[in-house]
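Here's the structure, in structure tokens; my notes come after.
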Amino acid sequence: MPEKKQDAYQEFIKGLWRDNPVFVQVLGMCPMLAVTNSAMNALVMGGATFFVLVASSFFVSSLKNWIPKQVRISTYIIIIATFVTVTDFTLEALMPKVHKELGAFIPLIVANCMILGRQEAFAARNSVRFAVVDALGMASGFLFALFSLGAVRELLGEGALFGYKLFSENFEPWVIMILPPGGFITLGLLLLFFNWLKERKDRLAQQLDQMEIEAP
Amino acid sequence: MNELVWIFISALLINNFVLAYFLGLCPFLGVSQRLETAFRLGLATIFVMLITALCAWLLNTYILIYAPYLRLISFIVVIASTVQFIEMVIKKLSPGLFKALGIFLPLITTNCAILGLAIFATNKGYGFIQGMTYALGAGLGFTLALVLMAGLREETELAEVPRLIKGTAMNLIIAGILSMAFMGFAGLFSAA
Amino acid sequence: MKVSEPGSSRLVATLGLAGLLSGLIIVSVFEATLPTITAYKAKVLQEAVFKVLPGSTQLQRLVYRDGRLTPVEEVGKGEEFVFGGQDAQGVLVGYAIPGSGPGFQDTIRLLYGYQPKQRKVVGMEILESRETPGLGDKIYKDAEFVSNFDALSVEPEIVTVKRGAKAAPNEVDAITGATISSKAVVRIINQANQQWLQRF
Numbered sequence: 001m002p003e004k005k006q007d008a009y010q011e012f013i014k015g016l017w018r019d020n021p022v023f024v025q026v027l028g029m030c031p032m033l034a035v036t037n038s039a040m041n042a043l044v045m046g047g048a049t050f051f052v053l054v055a056s057s058f059f060v061s062s063l064k065n066w067i068p069k070q071v072r073i074s075t076y077i078i079i080i081a082t083f084v085t086v087t088d089f090t091l092e093a094l095m096p097k098v099h100k101e102l103g104a105f106i107p108l109i110v111a112n113c114m115i116l117g118r119q120e121a122f123a124a125r126n127s128v129r130f131a132v133v134d135a136l137g138m139a140s141g142f143l144f145a146l147f148s149l150g151a152v153r154e155l156l157g158e159g160a161l162f163g164y165k166l167f168s169e170n171f172e173p174w175v176i177m178i179l180p181p182g183g184f185i186t187l188g189l190l191l192l193f194f195n196w197l198k199e200r201k202d203r204l205a206q207q208l209d210q211m212e213i214e215a216p
Numbered sequence: 001m002n003e004l005v006w007i008f009i010s011a012l013l014i015n016n017f018v019l020a021y022f023l024g025l026c027p028f029l030g031v032s033q034r035l036e037t038a039f040r041l042g043l044a045t046i047f048v049m050l051i052t053a054l055c056a057w058l059l060n061t062y063i064l065i066y067a068p069y070l071r072l073i074s075f076i077v078v079i080a081s082t083v084q085f086i087e088m089v090i091k092k093l094s095p096g097l098f099k100a101l102g103i104f105l106p107l108i109t110t111n112c113a114i115l116g117l118a119i120f121a122t123n124k125g126y127g128f129i130q131g132m133t134y135a136l137g138a139g140l141g142f143t144l145a146l147v148l149m150a151g152l153r154e155e156t157e158l159a160e161v162p163r164l165i166k167g168t169a170m171n172l173i174i175a176g177i178l179s180m181a182f183m184g185f186a187g188l189f190s191a192a
Numbered sequence: 001m002k003v004s005e006p007g008s009s010r011l012v013a014t015l016g017l018a019g020l021l022s023g024l025i026i027v028s029v030f031e032a033t034l035p036t037i038t039a040y041k042a043k044v045l046q047e048a049v050f051k052v053l054p055g056s057t058q059l060q061r062l063v064y065r066d067g068r069l070t071p072v073e074e075v076g077k078g079e080e081f082v083f084g085g086q087d088a089q090g091v092l093v094g095y096a097i098p099g100s101g102p103g104f105q106d107t108i109r110l111l112y113g114y115q116p117k118q119r120k121v122v123g124m125e126i127l128e129s130r131e132t133p134g135l136g137d138k139i140y141k142d143a144e145f146v147s148n149f150d151a152l153s154v155e156p157e158i159v160t161v162k163r164g165a166k167a168a169p170n171e172v173d174a175i176t177g178a179t180i181s182s183k184a185v186v187r188i189i190n191q192a193n194q195q196w197l198q199r200f
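Protein chains in written order, with UniProt numbering: chain A, 1 to 216; chain B, 1 to 192; chain C, 1 to 200.
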């Protein structure tokens, strides 16, 4: 990471939008798609991941000078797994109903490659402050992505959001959307949408460049 | 006996790890460009899954009944080190096999399907034989999904598709259609 | 690994310390949350038993040992058990029997109440299932289907019939569009009946 002037706002917005871990980097989707069948589940899962990522980044970044290089990955994994276990128990105690629905997928946050990736790529090389800001940004981006997926799937699959019916009785829910195929297809289409946004932005920038060249 | 068949068929087709549980998506999307690589990765995964099931069963029966809260950490540590150990053994004993499967082993250890297998088998309370059957079904199911995907991708490589959708977006939609096809297996066991 | 400065003892110490700290954190959170979690689980179970056995207000676990039902505090690993439900006076109302088996999508786990005097199933509750939303999940969302099990004769065995065709006391109206899930529920109950009924 080149030591140019770091801007906290830029670091934050990077994770939330420009380098969104899901829509742009397509990371960490492994165990997450399964629980995006409703907005609530997606939000809780996103929240759990948020906590784990921010807490781990904080610890990894504060301890980076004490962790020998050779065992760094193992240490990161121990730190992450600790926070995941803590989240698992806390959720089970506080929100038992949601916990039952998410079930085995909460421990699987450990295997989310985005979390370990952030530790290795960012938290271990930056100051605590920037590590936390970066983690906040990435985690918000992840939460945002999970929530979009969950909301779209619940809206089409059940005609509801957070369990409240939004359409009249005549709406026939697209059940397929809350089943696994809906998860794949929704994510595919959302990626397509993001590709399109990026393409449009690039084209506009190019046009702007040309205009500048032409105008003397 | 009947129960074992159900566990096997359920993990293989009805509740396929990739297409119904979204586990192991990283290799599913990342290592499915070529049929042959996909097949070998699949074989290596079956192998690691069997070891995982064995480790999970040993841990659950002998250690975790005293300390259930250490489940996640011990699964990760034990599975990763066992796989690494076996990797070294294979390298020593059979360089041919190592060349075919070995390069995939480190990649697989960090795969969520492996951890998922251990956790699911524990949650379902499987014993040794049930756990091994589950691992075999899940591993074969993973291989099946991966090989199907690779086959499809080899074809779509040659097709002319809009530039925007090329890549992950299209692969995800293909996976969605595959997953829909696999939904047809539901009820395979309980019908009749 | 070979030419690095920190000795292997330092590496082991780091990992050991990390493991120790993480163990400490995990154990304390576990201890803090355990009472809430156990209490909730017990409450859910109790509610399910009381629901499938109308009139019961107390429960005990019963295992089948040496040819008879014995009340136990803790059920041994792998041992099969039922719940005995009693009313406020301590009189046995009936048994709540857990059962599980393959459903349309995944294993269905359920609990049903059985009254030995009338030889009838008096209630059924699905504990766990992953049936298709909108179709198969009616096995617990459709009150009409669930009410099939409120007074259901088990003799000679429970039979699934087409919706609206229920005529005999041992017949269950299947859910339209989810025949397989309906049949799966009935099959699970029949199987558990075969195992348990002669023991009461």
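We put the CB at the ideal spot given by N, CA and C, even for glycine.
Nothing here was measured: the structure is a model prediction, and the numbers come from that model.
- Distances from the alpha-carbon of A:N65 to those of A:D209, A:V152, A:R125, A:S140 put A:R125 closest.
- Inclusion of C:A96 and C:L53 in the CB contact set at 7 Å is warranted, their separation being smaller than that value.
- Listed along chain B are L164, each with a C-beta nearer than 7 Å to that of A:E199.
- Listed in chain order, the positions of the stretch 10 to 37 of chain C with a beta carbon within less than 7 Å of a beta carbon of chain A are R10, L11, T14, L15, A18, G19, S22, I25, I26, V29, F30, T33, T36, I37.
- Along the stretch 152 to 182 of chain A, the beta strand (DSSP E) does not occur as any fully enclosed run of 3 or more residues.
- Per the C-alpha coordinates, the member of C:W196, C:A165, C:V159, C:Q194 positioned closest to C:A184 is C:V159.
- Using a Cβ distance threshold of 7 Å, B:A113 and B:G24 count as a contacting pair.
- For C:G134, the residues of chain A that pass the 8 Å Cβ criterion are P173, V175, in the order they occur in the chain.
- Bounds of the beta strand (DSSP E) holding C:T160 are 159 to 161.
- Under DSSP, C:I97 takes part in a beta bridge, and its partners are C:Y112.
- Annotated as proximal: A:E158 and A:P173, with beta-carbon spacing under 7 Å.
- DSSP links C:Y64 through a beta bridge to C:L69.
- Contact between C:L34 and C:Q46 is ruled out by a C-beta separation of about 18 Å, above the 8 Å threshold.
- About 6 Å separates the CB atoms of B:I108 and B:A44; that is less than 8 Å, so the two are in contact.
- The contact set of A:T49 on chain C, defined by CB atoms closer than 9 Å, is empty, because the minimum CB distance reaches about 18 Å.
- Within chain C, the residues I26, V29, F30, A32, T33, L34, I37 have their CB atoms less than 9 Å from the CB of A:F89, given in chain order.
- C:V82 has C:L62 as its beta-bridge partners, per DSSP.
- Positions of the alpha helix (DSSP H) runs, each at least 4 residues long and wholly inside the UniProt domain "FMN-binding" (103 to 196) of chain C, are given as 138 to 141, 143 to 147, 179 to 196 in order along the chain.
- Interface with chain A (7 Å Cβ-Cβ cutoff): B:T156 is excluded.
- For the 7 Å CB-CB criterion, A:P181 and B:M170 do not form a contact.
- Pairwise C-beta distances place the stretch 92 to 106 of chain A in contact with the stretch 38 to 48 of chain A, as three or more of them are shorter than 8 Å.
- Residue burial annotation: A:E92 is buried, with at least 16 other C-beta atoms found within 10 angstroms of its C-beta.
- Secondary structure at C:L92: strand, using DSSP grouped into helix, strand and coil.
- Excluding sequence positions up to five before and after C:G136, its CB lies within less than 6 Å of the CB of F104, A178, S181, all in the same chain and listed in chain order.
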